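Chemist: Start counting the sequence shown at 6; every next residue gets the next number (the numbering used here).
Note that beta-carbon positions come from the ideal geometry of N, C-alpha and C, so glycine has one too.
The structure presented is a predicted model; accordingly, all values stated were derived computationally and were not measured.
Following this message is one structure expressed as structure tokens.
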Amino acid sequence: MVNDFPQALTIAGSDSDGSAGVQADLHSFFQRHVYGASVLTACVAGNSYGIHDSVNLPISFINNEFKSLADDYKIGASKTGMLSDSELVDAVVENYKKYDFGPLVVDPVITTKHGNMLLEQSAYQTLRDHLIPLAAVITPNFFEAQKLAEMDIKSENDMVTAAQRLKKLGAKNIIIKGSHSDPKQKKVSDYVLLESGDDFWLTGDFYDTERKNGTGDSLSAVITAELAKNNSVEDAIRVAKKFVDQAIASQIPVGHKFGPINHWAPEI
Ligand code: PXL
């Protein structure tokens, strides 16, 4: 039957070197055997050295991307990535409310790993007030969690407090990705707070490599793919963590500097 096959949607920016954004999301969907559709929000000109330019797509065009998909496909789960500014966040919110695109995974992309801004500071409030309440899962990294929970995170206890604050903002399930700031660290621990109130830590090896572009995008994309297959949020998060760890542990020798993770590697 048409539309019986699991389908996921990424609402995100294109990264020209293919290491992050929509490209990383589609690689992740493909690897998890889920058909991937995309609503492009912006286009970034960049390579493994960094970002050199970006443009936002017109809101009227973004509206038409949503409508085109809604008229034809049966999206089982969606995720957001780069949303650039407040107007774009609100356009995504309005479209998501209008159509049935399944549970929403919000990857609150604020900067690249190397400090390029992908969301204007003036949009943090819009993200917090309008998008986070729609989130089935939110996947901030350490830095994004500090901004959105409006607190410093200096310890594991602080990660727990930040997750509780994000839950109060309306996100049902939260994973806060642990800090990678100390090159001497051996492990990284992510904190998960589920809708039920259950919580747990996911600890993995720390990989001392510069080739980690697209890690956060891929984590949220794999969660989305698993939700599109009707798997539970807890299973989706556990699969995504293993997937990303295995993809970081392996390398694709392309790009001179901050290269991509390897979506072919995961064997889970
Ligand atoms: O990984 C964050 C990210 C998300 N979306 C786009 C990007 C990047 C990082 O470079 O370019 C479009």
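Helix, strand or coil: which one does DSSP assign to Y54?
Modeler: Locating residue 54 in the sequence shown gives position 49, counting from the first residue. Here Y54 sits in coil by DSSP.
Chemist: Using three-state DSSP, classify D163 as helix, strand or coil.
Modeler: For the purposes of this step, residue 163 is taken as the residue at position 158 of the sequence shown. D163 falls in the helix class under three-state DSSP.
Chemist: Grab the span of the beta strand (DSSP E) containing N178 for me, first residue to last.
Modeler: Counting from 1 along the sequence shown, the entry for residue 178 is found at position 173. That run of the beta strand (DSSP E) goes N178 to I181.
Chemist: Cα separation between V27 and D240?
Modeler: Locating residue 27 in the sequence shown gives position 22, where the first residue counts as 1. Locating residue 240 in the sequence shown gives position 235, where the first residue counts as 1. The straight-line gap from Cα to Cα measures roughly 23 Å.
Chemist: For F66, which residues from the same chain have a beta carbon less than 6 Å from its beta carbon, with the 5 sequence-adjacent residues on both sides left out?
Modeler: Translated into positions along the sequence shown, residue 66 becomes position 61. Within the same chain, F66 has no close Cβ partners at all.
Chemist: Looking at C-alpha atoms only, which residue of F106, I273, P271 and G260 is the closest neighbour of A25?
Modeler: Taking the first residue of the sequence shown as 1, we reach residue 25 at position 20. Residue G260 is the option with its Cα nearest to A25.
Chemist: By Cβ distance, which residues of its chain are closer than 7 Å to L174, with the 5 residues on each side in sequence left out?
Modeler: Within the sequence shown, residue 174 is the residue found at index 169, counting from 1. Once the five neighbours on either side are set aside, the close Cβ partners of L174 are R133, I137 and P138.
Chemist: Would the segment 87-98 and the segment 161-179 be scored as touching if the rule is three or more Cβ pairs under 8 Å?
Modeler: The answer is no - the segment 161-179 does not touch the segment 87-98, with fewer than three Cβ pairs under 8 Å.
Chemist: Could you have a look at I64 and say whether DSSP puts it in helix, strand or coil?
Modeler: Here residue 64 refers to the residue found at position 59 of the sequence shown. I64: helix per DSSP, three-state reduction.
Chemist: Note down the Cα distance separating N178 from S83, rounded to an integer number of angstroms.
Modeler: The count along the sequence shown starts at 1 and reaches residue 178 at position 173. The count along the sequence shown starts at 1 and reaches residue 83 at position 78. Rounded to the nearest angstrom, the two C-alpha atoms are 15 Å apart.
Chemist: Classify N236 as helix, strand or coil using the three-state DSSP reduction.
Modeler: Mapped onto the sequence shown, residue 236 falls at position 231. Note: N236 maps to coil in three-state DSSP.
Chemist: Could you say if the segment 32-51 and the segment 264-272 meet the contact criterion of at least three C-beta pairs nearer than 8 Å?
Modeler: A contact exists between the segment 32-51 and the segment 264-272.
Chemist: Can you check the segment 75-146 for any beta strand (DSSP E) of at least 3 residues that lies completely inside it and give the ranges in chain order?
Modeler: Segments of the beta strand (DSSP E) lying fully in the segment 75-146: 82-85 and 109-111.
Chemist: Hey, could you find the ends of the beta strand (DSSP E) L198 is sitting in?
Modeler: Counted from its first residue, the sequence shown places residue 198 at position 193. Counting along the chain, the beta strand (DSSP E) containing L198 begins and ends at K192 to L198.
Chemist: Any contact between the segment 42-56 and the segment 142-152? By contact I mean 3 or more CB pairs, one from each, below 8 Å.
Modeler: Taking 8 Å as the limit for Cβ pairs, the verdict is that the segment 142-152 does not touch the segment 42-56.
Chemist: Do I56 and the ligand PXL come close, with the Cβ less than 7 Å from some heavy atom?
Modeler: Looking up residue 56 in the sequence shown gives position 51. Checking the Cβ of I56 against the ligand PXL gives yes.
Chemist: Can D20 be considered in contact with the ligand PXL, in the sense that its beta carbon sits closer than 7 Å to one or more heavy atoms?
Modeler: Here residue 20 refers to the residue found at position 15 when the sequence shown is read from its first residue. Yes - the ligand PXL has a heavy atom lying nearer than 7 Å to the Cβ of D20.
Chemist: For a quick check, are the C-beta atoms of S186 and T208 less than 8 Å apart?
Modeler: In the sequence shown, residue 186 corresponds to position 181, counting from 1. In the sequence shown, residue 208 corresponds to position 203, counting from 1. Not a contact, by the Cβ cut-off of 8 Å.
Chemist: Any heavy atom of the ligand PXL inside 7 Å of the beta-carbon of L123?
Modeler: As a first step, residue 123 is located in the sequence shown; it is residue number 118 there, counting from the start. Result yes, Cβ under 7 Å from the ligand PXL.
Chemist: Are there 16 or more other CB atoms within 10 angstroms of the CB of Q36, so buried, or fewer, so exposed?
Modeler: On the sequence shown, residue 36 is found 31 positions in, with the first residue counted as 1. The residue in question, Q36, is buried, as its Cβ has 16 or more Cβ neighbours within 10 Å.
Chemist: Apart from the five residues just before and just after N8, which ones in its own chain have a Cβ nearer than 6 Å to its Cβ?
Modeler: By one-based count along the sequence shown, residue 8 stands at place 3. Hits under 6 Å: K79.
Chemist: So, with DSSP's three-state summary, where would you put D157?
Modeler: In the sequence shown, the residue the question calls residue 157 occupies position 152. DSSP places D157 in coil when its eight states are reduced to three.
Chemist: Pick out whichever of D22, G18 and S73 has its Cα sitting closest to the Cα of V114.
Modeler: Within the sequence shown, the letter at position 109 stands for residue 114. For V114, the nearest C-alpha among the options comes from G18.
Chemist: Leaving out the 5 sequence neighbours to the left and right, which residues in its chain are closer than 7 Å to D22 when beta-carbon positions are compared?
Modeler: As a working mapping, residue 22 is identified with position 17 in the sequence shown. Closer than 7 Å at Cβ, skipping near neighbours: G51, N52, S53 and G260.
Chemist: Buried or exposed: where does T1 fall if 16 or more other Cβ atoms within 10 Å of its Cβ makes it buried?
Modeler: Missing from the structure shown is residue 1; the chain here goes from 6 to 273 and no further.
Chemist: Which class does I16 belong to by DSSP, given the choice of helix, strand or coil?
Modeler: Against the sequence shown, residue 16 aligns to sequence position 11. Note: I16 maps to strand in three-state DSSP.
Chemist: Cβ of V49 versus every heavy atom of the ligand PXL: is any distance shorter than 7 Å?
Modeler: Taking the sequence shown and counting its residues from 1, one reaches residue 49 at position 44. V49: yes, Cβ under 7 Å from the ligand PXL.
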